[in-house]
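Position 79, counted from 1, in the sequence shown is what my numbering calls 84; the numbers after and before it change by one each time, with no gaps. We put the CB at the ideal spot given by N, CA and C, even for glycine. Source: prediction; values computed, not measured. Please read the structure below before turning to the comments.
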Amino acid sequence: MDARAHGGTGYEGVQMPLRDYHERFASTYDSFYADRDVLADARYAAALLGLGAGPARRQTVLDIGCGCGSHVLAFASLGFDATGIDKSPAMIARATAKPVPAGAAKVRFVAEQFPQFCAALNGHTFDGMVSIFQVFNCMGSPGEMLEHLRLVRDKLAIGGRFLIDLWNGAAVFAEDPRAGEARFPCVDDPSQEIVRTTTPHLDRINQRCTLYYRIATIERATGTKFDAFESLHEITFFTPLHYRHLFELAGLRVLDEFKRGCPGTAITERDWYISYLVDRAS
C-alpha cells in the first residue's frame with residue numbers, strides 16, 4: 006500500500022504512554038533482531054572505528070541507543086570496555102539481565118537521555134562510538150540532531166571515530182515507504198510468533214515519516230492471539246547533503262559515507278539505509 010494513499014495520518018486514536026511504549030517494545034525487540042549476527046556487526050564496526058590497533062590500554066566503545074544491549078555485549082566479548090545508553094529503562098533492564106560472555110571486558114548499561122549522560126562523564130571520552138538502527142532519525146528536529154552530534158564530538162577521544170546508521174532522504178523521496186507485514190519467532194517462547202504490521206505516512210514537507218505499528222503475539226500452532234498493541238514511531242530524515250552539513254556544523258569530519266554494510270561504495274537513491282564514518286574535525 007502506497008503511503009501517498011493516506012489523506013491524513015489516520016492514527017489520531019492511537020495513544021500509548023511513553024513508558025508503556027518502551028516496555029512493550031522491550032518485550033519484542035530481541036525477537037525482531039534475533040537472526041542478526043551481532044558479533045559480526047561488532048567486528049565490522051571495530052574495524053571501521055580503527056579499534057584494536059591503537060594504544061596498549063584497553064579501548065572504550067559507546068553504543069548510543071543500545072536497545073536491549075546485544076551489540077554492547079558483543080563489543081565486550083572482543084575485548085573492548087563497552088557502554089550502552091538508552092532512554093528506555095525497560096530496554097536497559099533486559100540488557101542488564103543478559104549474561105556477560107566469559108572473558109569479556111567491562112560492560113556498563115545506562116538508562117538516561119544522551120545529554121544528561123554526557124553531562125555526568127566529567128571529561129571521560131570514548132575511543133569509538135556507534136549508533137545502529139537509525140537511532141538519530143528518531144530525533145524531532147535538525148536542531149536536536151545537531152545538539153547530539155556536538156556531544157558526540159565532545160566525547161570522542163582524539164583520534165576516535167563515530168559510526169552512525171541513518172535513513173537516506175534521497176531514497177525516501179525516490180520511492181515512498183510502503184506498508185508490510187513481518188513475522189518473527191519469539192525468543193522468549195519458541196511456541197509463539199511476533200507479527201508486526203507497519204503502515205507508513207510520509208510528510209514530504211517536514212521530511213518526516215510516521216510509522217504506525219500493530220504488533221501481536223500469537224501461538225504458532227493455532228494462530229491464537231495472546232497479546233497485541235499499537236504504537237507510532239516518528240522518523241525525521243534528511244538527504245546526504247543535509248547530513249554532511251550537520252556533521253560540519255557539529256565539528257565532525259566525514260571520512261566515508263556509504264550504503265549500510267558496504268564501506269567505500271557511493272550512496273545512491275536506491276539505498277534506504279546509509280552509514281557515515283566520522284571523526285573530530287581539526
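Where does the unbroken beta strand (DSSP E) through residue i begin, and where does it stop?
i           : result
residue 68  : 65 to 69
residue 104 : Counting along the chain, residue 104 falls outside any beta strand (DSSP E), and DSSP gives it neither H nor E.
Taking buried to mean at least 16 other C-beta atoms within 10 Å of its own C-beta, is residue i buried or exposed?
i           : result
residue 142 : buried
residue 280 : buried
residue 163 : exposed
residue 73  : buried
residue 245 : buried
residue 230 : exposed
residue 160 : buried
residue 173 : buried
residue 198 : buried
residue 210 : exposed
residue 205 : buried
For residue i, which residues does DSSP report across the bridge?
i           : result
residue 169 : 136 and 281
residue 257 : 285
residue 90  : 69 and 115
residue 5   : Since the first residue shown for the chain is 6 and the last is 287, residue 5 is missing from the structure and cannot be characterised.
residue 201 : 187 and 220
residue 210 : Answer is none; residue 210 lacks a bridge partner.
residue 237 : 217
Can you tell me where the alpha helix (DSSP H) with residue i in it begins and where it stops?
i           : result
residue 174 : 174 to 179
residue 192 : From DSSP, residue 192 is part of no alpha helix (DSSP H); its letter is neither H nor E.
residue 291 : With the chain covering 6 to 287 only, the question about residue 291 has no answer from this structure.
residue 46  : 43 to 54
Open item on the list: Within 8 Å, do at least three Cβ pairs link the region 126 to 143 to the region 167 to 181?
Closed with: yes
Open item on the list: I want to know whether the region 89 to 99 touches the region 114 to 130 - three or more CB-CB distances under 8 Å.
Closed with: Result yes; three or more Cβ-Cβ pairs closer than 8 Å.
Task: Three CB pairs or more closer than 8 Å across the region 186 to 203 and the region 246 to 263 - done: no
Open item on the list: Within 8 Å, do at least three Cβ pairs link the region 172 to 187 to the region 143 to 160?
Closed with: no
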